[in-house]
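J.: Below is the structure I would like to discuss, written out as structure tokens.
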Amino acid sequence: DGQICEEESGIDLAEALFTDASAPSGDEVDAYTMEDDPRLKKLTAWRVFIPQVMMRMDQNCKYYHTFRIEVQRIDVRDQDDPADLHWSVERRYNEFYVLEAKLTEFHGELSVQLPPKRSQQHKGLTYLESKRPEFERYLQTLLTLPALQGSELLFQFLKSPTPFTTSFLPDIKLGKMIKTVPMKLMKEKGQHLVPFLQAFIASTEAAKPKPSKDILKDIYETATSSLEEKLLSGLFRDNCASLSGKKEKYVGESVVSVIDLKELYDYIVYIAVEVVHVPDFVIKLLSTCDILLRQTLQAGVEWYLDVKLQQAFKPQRLAELLNLLRDALFFEDDPPRTRRQKAERARLSLRQTKDFFPNFMMTKKFDESINLMFDILQCPLLNKQISYVLLDILAVELFPELLEMHRTDSRTSYQD
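Here the sequence shown is numbered in my numbering, starting from 3 and rising by one per residue.
Right under this line is the structure:
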């Protein structure tokens, strides 16, 4: 928080930072630091004014302008030296922007900023006088920020007569600092340490090995075995034995990709590519419209299903469904349908399905795709298997403890 650690003794980094740049021999001059008076760490008790812009002459007899900054402390005590309660420093135009850059480096973007910086040839006395109120408001606002209450940078800018330039950090005498170890460490509050710590932790960890062919093979075999467990249930044996010759025809090698499908738009694209075999320009069109249609289509279908489910689960509708189920189970006197009747109903359903689509879509390839999907959806063995899967899901939703019991039994059998 802009403070100096109290545990160690030695040279203050602030002394090596600022006094070395201005003192001819660094050992006999001591800088006035924030530790000399604890109240100096509370910069909110300082009042800053810039009454005028002054003209000065450098060592080369060249004139330059400075802002005279008057600093007044309001936390006055009887035993205080008047020189410590009111003083003035002079800062050049560029030094304000050095302060802003250093504060941004340690604290990130602040809520107050200086006006845009201008080049050297445009910084006349009239221009500096026009910017004097803005610089004054900038310093006054900095003193009110809680994050800068103990800022060593702001303290040195307003207290030290040393020029506040970008070269003051490299001017540290490393030899003197090393010879006087241990030294005190100083930092500004808000320094961005999170990215540094993350990079440091990453550098200490061993590099993750790239997956070998054996690992990729195990992943593929695991996904395949999971699919086989769903199709070839140990409870109901092989319900899909008759489909072993057709499985490659229907889904082929892309069966693993179906596992990654999550939303309705994914299924539409998958059916268009793998089943209907649409042209390439249609695939590109679907990919282009993805960002526009995905969420809209998903939200529309979910809204439609929600409305229909609310209508279906009304009490009078449920009572009607229960009566129909009771009649079908206990009072069904009609003879079972013959194969001929079932085939006729299938042809009628297929024709009505094709009539649902516009005529321009009814190409030969699209017609074959409709027949294929219709055969898959009407397969008795697949319908039987999916009914078992849905029944398992319903049982787990109603009785979650069944899943926990199954996991416990599986762990016990594995340990045995």
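Cβ coordinates follow ideal geometry from the N, Cα and C atoms, glycine included.
1) Would DSSP call R58 helix, strand or coil?
2) In its own chain, which residues sit with a C-beta less than 6 Å from the C-beta of Y95, not counting the 5 before and 5 after it?
3) Looking at the strands, I want to know which residues DSSP matches up with H67.
4) Below 8 Å on the Cβ atoms is my contact criterion, and I expect M56 with R70 to pass it. Report the Cβ-Cβ distance as a whole number of Å.
5) With burial defined as no fewer than 16 other Cβ atoms inside 10 Å of the residue's Cβ, what is the status of S162: buried or exposed?
6) Three-state secondary structure (DSSP) at R75?
7) Applying the criterion that 16 or more other CB atoms from any shown protein chain within 10 Å of the CB defines a buried residue, is Q158 buried or exposed?
8) Return the CA-CA distance between E97 and T167, expressed in angstroms with no decimal places.
9) Can you tell me whether DSSP reads V271 as helix, strand or coil?
10) Rounded C-beta distance between D292 and Y267? I'm assuming under 8 Å.
11) For G192 and L101, I'd like the C-alpha separation in whole angstroms.
12) Classify V278 as helix, strand or coil using the three-state DSSP reduction.
13) Taking Cβ positions, are L105 and L145 nearer each other than 9 Å?
14) Is it buried or exposed, T128, if we count other Cβ atoms within 10 angstroms and call 16 or more buried?
15) Using the Cβ count rule (16 or more neighbours within 10 Å means buried), how would you classify K133?
16) Cα-Cα, which of E72, L116, H109 and I76 is closest to V91?
17) Would a C-beta distance cut-off of 9 Å place G152 and L45 closer than the cut-off?
18) Roughly how many whole angstroms lie between the Cα atoms of F198 and Q312?
19) So the alpha helix (DSSP H) V398 belongs to, where does it begin and stop?
20) Since Y99 and L112 are thought to touch, with beta carbons under 8 Å apart, how far apart are those beta carbons, to the nearest angstrom?
21) Tell me whether the region 370-388 and the region 342-359 touch, counting them as touching only if at least three CB pairs, one residue from each stretch, are closer than 8 Å.
22) So, are the CB atoms of V278 and K367 less than 9 Å apart?
23) What do you reckon, are the CB atoms on L130 and H67 nearer than 9 Å?
24) If you reduce the DSSP assignment to three classes, tell me which class E92 lands in.
25) Who are the near neighbours of Q354 in its chain, counting only those whose CB is closer than 6 Å to its CB and skipping five residues on each side?
26) Measuring alpha carbon to alpha carbon, tell me which residue in K64, I76, K310 and L393 is nearest A47.
27) Return the CA-CA distance between E403 and L393, expressed in angstroms with no decimal places.
28) Taking the beta carbon of I52 as the centre, do at least 16 other beta carbons fall within 10 Å, making it buried, or is it exposed?
29) Quick check: the Cα distance between L324 and F359, rounded to an integer number of angstroms?
30) Only counting the same chain, and skipping five residues up and downstream in sequence, which positions put a Cβ closer than 6 Å to that of L150?
31) What would DSSP say about R339, mapped onto helix, strand or coil?
32) Which partner residues of R49 appear in the DSSP bridge assignment?
33) Residues in the same chain with beta-carbon distance under 8 Å from D369, minus the five sequence neighbours each way, listed in chain order, please.
34) When you measure from the CB of E107 to every non-hydrogen atom of the ligand NAD, does any distance come out below 8 Å?
35) Give the DSSP-derived three-state secondary structure of Q151 in the structure shown.
T.: The answer reads as follows:
1) Translated into positions along the sequence shown, residue 58 becomes position 56. It is a strand residue.
2) Working through the sequence shown from its first residue, we reach residue 95 at position 93. Closer than 6 Å at the Cβ level, and outside the excluded window around Y95, lie K125.
3) In the sequence shown, residue 67 corresponds to position 65, counting from 1. According to DSSP, H67 bridges with M57.
4) Start at 1 with the first residue of the sequence shown, and residue 56 comes out as number 54. Start at 1 with the first residue of the sequence shown, and residue 70 comes out as number 68. That pair is a contact at about 5 Å.
5) Working through the sequence shown from its first residue, we reach residue 162 at position 160. Classification of S162: buried, given that the 10 Å Cβ count is 16 or more.
6) Sequence index remark: in the sequence shown, residue 75 carries index 73 (1-based). R75 falls in the strand class under three-state DSSP.
7) For this step, residue 158 is matched to residue 156 along the sequence shown. Q158 should be labelled buried.
8) Taking the first residue of the sequence shown as 1, we reach residue 97 at position 95. Taking the first residue of the sequence shown as 1, we reach residue 167 at position 165. Roughly 6 Å separates the two Cα atoms.
9) Translated into positions along the sequence shown, residue 271 becomes position 269. In the structure shown, V271 sits in a helix (DSSP, three-state: H, G or I).
10) Position 290 of the sequence shown, counted from the start, is the residue given in the question as residue 292. Position 265 of the sequence shown, counted from the start, is the residue given in the question as residue 267. The pair is a contact, with the Cβ atoms about 7 Å apart (cut-off 8 Å).
11) Taking the sequence shown and counting its residues from 1, one reaches residue 192 at position 190. Taking the sequence shown and counting its residues from 1, one reaches residue 101 at position 99. A caution first: G192 carries a pLDDT of 49, below 50, which makes its placement in the model unreliable, though a value can still be read off. Rounded to whole angstroms, G192 to L101 spans 15 Å at the Cα level.
12) For this step, residue 278 is matched to residue 276 along the sequence shown. Three-state result, V278: coil.
13) For the purposes of this step, residue 105 is taken as residue 103 along the sequence shown, with counting starting at 1. For the purposes of this step, residue 145 is taken as residue 143 along the sequence shown, with counting starting at 1. Not closer than 9 Å, so no.
14) The residue labelled residue 128 in the question sits at position 126 within the sequence shown. Answer is exposed; the Cβ neighbour count stays below 16.
15) Translated into positions along the sequence shown, residue 133 becomes position 131. K133 should be labelled buried.
16) Within the sequence shown, the letter at position 89 stands for residue 91. Nearest of E72, L116, H109 and I76 to V91, Cα basis: E72.
17) In the sequence shown, counting from the first residue as 1, residue 152 sits at position 150. In the sequence shown, counting from the first residue as 1, residue 45 sits at position 43. Contact flag set, yes.
18) The residue labelled residue 198 in the question sits at position 196 within the sequence shown. The residue labelled residue 312 in the question sits at position 310 within the sequence shown. For F198 and Q312, the gap between their C-alpha atoms comes out near 54 Å.
19) Along the sequence shown, one-based indexing puts residue 398 at 396. Taken as a continuous stretch (DSSP letters only), the alpha helix (DSSP H) holding V398 covers P382 to L400.
20) For this step, residue 99 is matched to residue 97 along the sequence shown. For this step, residue 112 is matched to residue 110 along the sequence shown. Contact doesn't hold; Cβ gap of about 13 Å is too wide.
21) yes
22) Residue mapping note: residue 278 aligns to position 276 of the sequence shown, counting from 1. Residue mapping note: residue 367 aligns to position 365 of the sequence shown, counting from 1. Yes, the Cβ-Cβ distance between V278 and K367 is below 9 Å.
23) Counting from one through the sequence shown, the residue named residue 130 turns up at place 128. Counting from one through the sequence shown, the residue named residue 67 turns up at place 65. Yes.
24) Position 90 of the sequence shown holds residue 92. Strand.
25) One-based indexing of the sequence shown puts residue 354 at position 352. Cβ neighbours of Q354 beyond the five flanking positions: none.
26) The sequence position of residue 47 within the sequence shown is 45, counting from 1. It is I76 whose Cα lies nearest to the Cα of A47.
27) Within the sequence shown, numbered from 1, the residue matching residue 403 stands at position 401. Within the sequence shown, numbered from 1, the residue matching residue 393 stands at position 391. Looking at the two C-alpha atoms, the distance is approximately 16 Å.
28) Taking the first residue of the sequence shown as position 1, residue 52 is located at position 50. Answer is buried; the Cβ neighbour count reaches 16.
29) Counted from its first residue, the sequence shown places residue 324 at position 322. Counted from its first residue, the sequence shown places residue 359 at position 357. Taking the straight line from one Cα to the other gives about 34 Å.
30) Residue 150 sits at position 148 when you count from the first residue of the sequence shown. Excluding sequence neighbours, L150 sits near L144 and L156.
31) Along the sequence shown, read from residue 1 onward, the residue named residue 339 stands at position 337. In this structure, R339 counts as coil in the three-state DSSP scheme.
32) For the purposes of this step, residue 49 is taken as the residue at position 47 of the sequence shown. Beta-bridge pairing links R49 to Q74.
33) Counted from its first residue, the sequence shown places residue 369 at position 367. Within the same chain, D369 has close Cβ partners K356.
34) For the ligand NAD, the structure offers nothing, since it holds no ligand at all.
35) In the sequence shown, the residue the question calls residue 151 occupies position 149. DSSP, reduced to helix, strand and coil, places Q151 outside both helices and strands of the structure shown, so it counts as coil.
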